[in-house]
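Residue 6 is where the sequence shown starts when you use my numbering, and the numbers rise one by one after that. Inspection log for the structure reproduced underneath, given as structure tokens.
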Amino acid sequence: MSWPARTAFFVAHFAAIAFSSALLISRVQAAGGCTLGRVAELPIAMAGYRPMITAKINDKEARFVLDSGAFFSLMSAATAAEFDLKLHHAPFGFRLQGVGGQVDTQVATVKEFKIAGALIHNVDFLVGGSEVGGEGLIGQNFLEQWDVEYDFSKGVVRLFKPDGCRKYRLAYWVTPGQSVSEMEIEPVVNARMHTIGVGYVNGQKIRVMFDTGAYTSVLSLRAAARAGIKTDSPGVVEAGYSGGIGRRMVKNYIATASSFKIGDDEEIKNARLRIADTDLPDADMLLGSDFFVSHHVFVANSQHKLYVTYNGGPVFNLTKTVSAVTAQATDVPKDEAPKDEAPKDEAPKDRAASDHGG
């Protein structure tokens, strides 16, 4: 089955998730005639670097990782069994692929799924792969319907329906004099249900995926090499291994880039980055939940733009030993989850000494 056909199948089977406009809880006047209708406010609890959201499956509480890097919401077979969900076949040939290998998938239908105060009937989840923390993942088939504000430092994600906002900057929280970086992102459907923009490492253009399900940001070795960074370059150190939905583990390294830049006003000089011996099918780098903790991010799907402001603190989690789950649904990047909380490298020093525009 082709990618467009797979996408159409799953979007059609999740269409009921759309909230009614009657659920608008407030309106934010962003600028001029632009109004942001706030559809929902989702409390987020950070479990380490896992952004967790509480929902209900058939009136039983369940906790999910909110994963902007997942093309579709996912649970493991063990979770499906725990909630007594019947399984049926996914489209022929559909598999989950990640750093650790491939697994076959099935589909579970939740008769009653409650999230953000809304009760939705007959919601489908992909079933397969490893345990990912909590009961599963809430992915882009939920998120892409709105503009999404990720405010992890305040413990909340907000969903908006904009009205008359196409020409306006939507970083409504910015105070006078505060710097905001703006960047173009690809339409979600064109990007195979991902949030993807352009970044630069040492001036080398890379594709960047904004992935809250990746618990540490990571640059592929192939992209690092294009930017002049190799595993035997001066200052590169080993940083443990990461795994995925299969059994294979990949080696991680910490390296220093002279410059890391995204958007029009977000640059870090002498940036210390995690690089890994893995190929990311749709991107060169994952900007994970460590980046989201240190930044306020607004994904304006309505405009195909993304807005970022810096909160402060370490930009990247540079824990030396990491065990990760990096899964892709057919072509879709997924998670990384640190288990060993070793002391973090002094990323703030890099940033404080940088020419950061904020």
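Where is the CB? At the ideal position from N, CA and C, for every residue including glycine.
Give the range of the beta strand (DSSP E) segment to which N5 is assigned.
Residue 5 lies beyond the residue range present for the chain, which begins at 6 and ends at 363; the question has no answer from this structure.
At 3 residues or longer, what runs of the beta strand (DSSP E) sit wholly inside the stretch 209-250?
As far as the stretch 209-250 is concerned, its whole beta strand (DSSP E) runs of at least 3 residues are 209-215, 223-225, 242-248.
According to the neighbour-count rule (16 or more other Cβ atoms, all chains shown, within 10 Å of its Cβ), is R3 buried or exposed?
Outside the displayed range of the chain (6 to 363) lies residue 3, so it cannot be described from this structure.
Go to S263, then tell me how far its beta strand (DSSP E) extends in each direction, as first and last residue.
Its beta strand (DSSP E) spans residues 254-267.
Ordered along the chain, which non-local residues of its own chain (more than five positions away) have a Cβ less than 7 Å from that of V16?
Only weak support exists for where V16 lies, its pLDDT of 49 falling under 50; the coordinates are left without a value.
Please state whether DSSP places N316 in a helix, a strand or coil.
Coil.
Between D168 and T40, is the Cβ-Cβ spacing less than 8 Å?
Yes, the Cβ-Cβ distance between D168 and T40 is below 8 Å.
Under three-state DSSP, which class holds A176?
The answer is coil: DSSP assigns A176 none of H, G, I, E or B.
Tell me the rounded alpha-carbon separation between F157 and K235.
Distance between the alpha carbons of F157 and K235 is about 33 Å.
Compute the Euclidean distance between the alpha carbons of L164 and K274, then round it to the nearest angstrom.
Straight-line Cα distance between these residues: approximately 33 Å.
The beta strand (DSSP E) that contains F157, what's its start and end?
Here F157 belongs to no beta strand (DSSP E), and DSSP marks it neither H nor E.
Distance check for V185 and K256, CA to CA, integer angstroms please.
Whole-angstrom Cα-Cα distance: 35 Å.
Quick one: what's got a C-beta closer than 6 Å to V304's C-beta in the same chain, skipping five residues either side?
Cβ within range, chain order: V153, T200, L311.
From the DSSP output, which residues share a beta bridge with V44?
None; V44 has no bridge partner.
Could you tell me if D295 is buried or exposed, where buried requires 16 or more neighbouring beta carbons within 10 angstroms of its beta carbon?
Per the 10 Å Cβ criterion, buried.
Which value, in whole angstroms, describes the spacing of the CA atoms of L323 and S247?
One C-alpha to the other measures close to 13 Å.
Quick check on the burial criterion: 16 or more other C-beta atoms within 10 angstroms. Buried or exposed for G268?
Buried: at least 16 other Cβ atoms inside 10 Å.
Between the stretch 42-61 and the stretch 182-196, are three or more C-beta pairs nearer than 8 Å?
No, the stretch 42-61 is not in contact with the stretch 182-196.
Could you tell me which residues DSSP pairs with V70 in its beta bridges?
Per DSSP, M57, L142.
Report the three-state DSSP secondary structure of V298 (helix, strand or coil).
Reduced to three states, the DSSP call for V298 is helix.
What does S114 pair with, by DSSP beta-bridge criteria?
Correcting the residue identity first, residue 114 is Thr in this sequence and not Ser. Answer by DSSP bridge pairing, in chain order: D129.
Straight-line CA distance for V44 to K166?
Whole-angstrom Cα-Cα distance: 7 Å.
Bridge partners of A276, per DSSP?
According to DSSP, which records beta bridges pairwise, A276 is partnered with A262.
Terminal residues of the continuous beta strand (DSSP E) containing E187?
Here the beta strand (DSSP E) through E187 covers 186-189.
Write down the C-beta distance between L148 and S73 rounded to the nearest angstrom, noting that I regard them as a contact closer than 8 Å.
Indeed, because the Cβ distance is near 6 Å, the residues count as touching under 8 Å.
Under the rule that 16 or more other beta-carbon atoms within 10 Å means buried, what is A86, buried or exposed?
A86 is exposed by the Cβ-count criterion.
Please state whether DSSP places K310 in a helix, a strand or coil.
Three-state result, K310: strand.
Within the same chain, show all residues whose beta-carbon is closer than 8 Å to that of L5, passing over the 5 residues directly before and after it, in chain order.
Because the chain is modelled from 6 through 363, residue 5 falls outside the range shown and cannot be assessed.
Whole angstroms are fine: how far does the CA of N207 sit from the CA of R370?
In the structure displayed, the chain extends from 6 to 363; residue 370 sits before or after that span and is not available.
What are the boundary residues of the beta strand (DSSP E) that includes A50?
Looking at the DSSP string, the run of the beta strand (DSSP E) that includes A50 is 50-52.
As a quick exercise: from L71, G160, V193, pick the residue whose alpha carbon is nearest that of L142.
For the residues L71, G160, V193, the minimum Cα distance to L142 belongs to L71.
If you follow the alpha helix (DSSP H) that E87 is part of, which residue opens it and which one closes it?
Here the alpha helix (DSSP H) through E87 covers 82-87.
Would you mind stating whether I211 and A228 have Cβ atoms separated by less than 8 Å?
Taking 8 Å as the Cβ cut-off, I211 and A228 qualify as a contacting pair.
For a test of your reading of the model: does the CB of C170 fall under 7 Å from any non-hydrogen atom of the ligand MG? Yes or no.
No copy of the ligand MG occurs in the structure displayed, which carries no ligand at all.
Could you check the C-alpha separation between V337 and D287 for me, to the nearest Å?
Bear in mind that the predicted position of V337 carries a pLDDT of just 37, short of 50, making it too unreliable to give a figure here.
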